[in-house]
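Have a look at the structure below before the remarks.
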Amino acid sequence: MGSQRFSGSLFVMLVLGFLLGVSRGYKFYVGGRDGWATNPSERYSHWAERNRFQVNDTLFFKYKKGSDSVLIVSKDDYSSCNTKNPIKSLTDGDSTFIFDRSGPFFFISGNADDCNKGKKLIIVVMAVRLKPFPPTPYSPITPASSPQPTSSPPAVSPDARSPSDSAGPAQAPSTNSKSGSSGFTAGSLSVGLVLGASIGASFILGGFLRVV
């Protein structure tokens, strides 16, 4: 936790330092030692190419007051050296201009003849970009694993028994009931025959006695 706070604070400090550096900017002397001259030792286009300009940087134009001026113009006026319609004019001799945005800026001399001789300048201001910082190593904290509950065997429902269990023990067929039934039937038949024979003998004997 402490390392994360330190990394966050360091990141904020770096960003603030970068923004403060950008807000102050740098001061560039146009033309170097020659200044804003008609015949500089280094062409202005080459001087601009070997420098990098950002928002809030300052250009410093050094020239003799009253003998020349610096005009900020459009792209078309830059190409044609038109001094009649400047966006801004710098005439005080030690002129400064601060870049308030990114993109191209076009500067020409207030003297059209000097402009046609090459006394003009294009500067492209770079956009502000924050450099990405490498990510801070992070080790995730894994929570302690809780013991897993032991699984108990599933309860068996009485209705879920196997067919053999639900059928119950096999019962052998009873022979006593059959034998008892057979014996009762034979006995009843014997008694009937005896009674029938006795009744028949009584009728025969009675008839014989009446004849005698």
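Mapped onto mature numbering (1 follows the signal peptide of the UniProt record, and there is no 0), the consecutive letters of the sequence shown carry residue numbers -25 to -1, 1 to 187.
Don't be surprised by glycine CBs; every beta carbon is placed ideally from N, CA and C.
Keep in mind that this is a model prediction, so the values were computed, not measured.
| Item | Value |
| --- | --- |
| Measuring only the C-alpha atoms, how far is residue 87 from residue 103? | 34 Å |
| Quick one: any contact between the region 51 to 58 and the region 16 to 36, if contact means 3 or more CB pairs under 8 Å? | no |
| Tell me which same chain residues have a C-beta within less than 7 Å of the C-beta of residue 69, skipping the five on either side of it? | 37 |
| Alpha carbon to alpha carbon, what distance is there between residue 31 and residue 93? | 26 Å |
| If we call anything under 8 Å between Cβ atoms a contact, is residue 43 one with residue 77? | no |
| Quick test of your reading: residue 65 and residue 74, contact by CB under 8 Å. State the CB separation rounded to the nearest angstrom. | At roughly 14 Å, the Cβ-Cβ gap does not stay under 8 Å, so residue 65 and residue 74 are not in contact. |
| Give the single residue among 10, 34, 63 whose Cα lies nearest to the Cα of residue 1. | 34 |
| Please classify residue 38: does DSSP put it in a helix, a strand, or coil? | coil |
| From what residue to what residue does the beta strand (DSSP E) around residue 64 run? | 63 to 65 |
| What residues in its chain sit with their C-beta under 8 Å from that of residue 141, if we drop five residues either side in the sequence? | Caution is warranted here: a pLDDT of 45 is assigned to residue 141, below 50, making its placement in the model unreliable, and the coordinate value is therefore given only provisionally. Taken in chain order, the list of residues that qualify is empty. |
| Going by Cα to Cα distance, which pick from 100, 89, 25, 8 is closest to residue 80? | 100 |
| Where does residue 98 land, buried or exposed, given buried means 16+ other C-beta within 10 angstroms? | buried |
| Please check if any C-beta of chain D sits within less than 8 Å of the C-beta of residue 62. | Looking for chain D here will not work: only one protein chain is present. |
| Output the distance between the C-alpha atoms of residue 22 and residue 29, rounded to the nearest integer angstrom. | 15 Å |
| If you measure between the beta carbons of residue 45 and residue 11, is that distance less than 8 Å? | yes |
| Of all the options 39, 6, 41, which has the alpha carbon lying nearest to the alpha carbon of residue 25? | 6 |
| Taking buried to mean at least 16 other C-beta atoms within 10 Å of its own C-beta, is residue 67 buried or exposed? | exposed |
| Assuming residue 49 is part of the alpha helix (DSSP H), what are its boundary residues? | Run containing residue 49: none; DSSP gives neither H nor E here. |
| Expressed to the nearest angstrom, what Euclidean distance is found between the alpha-carbon atoms of residue 90 and residue 82? | 9 Å |
| Kindly list the residues whose CB is nearer than 7 Å to the CB of residue 61, restricted to its own chain and excluding five residues on each side of it in sequence; keep chain order. | 46, 47, 48 |
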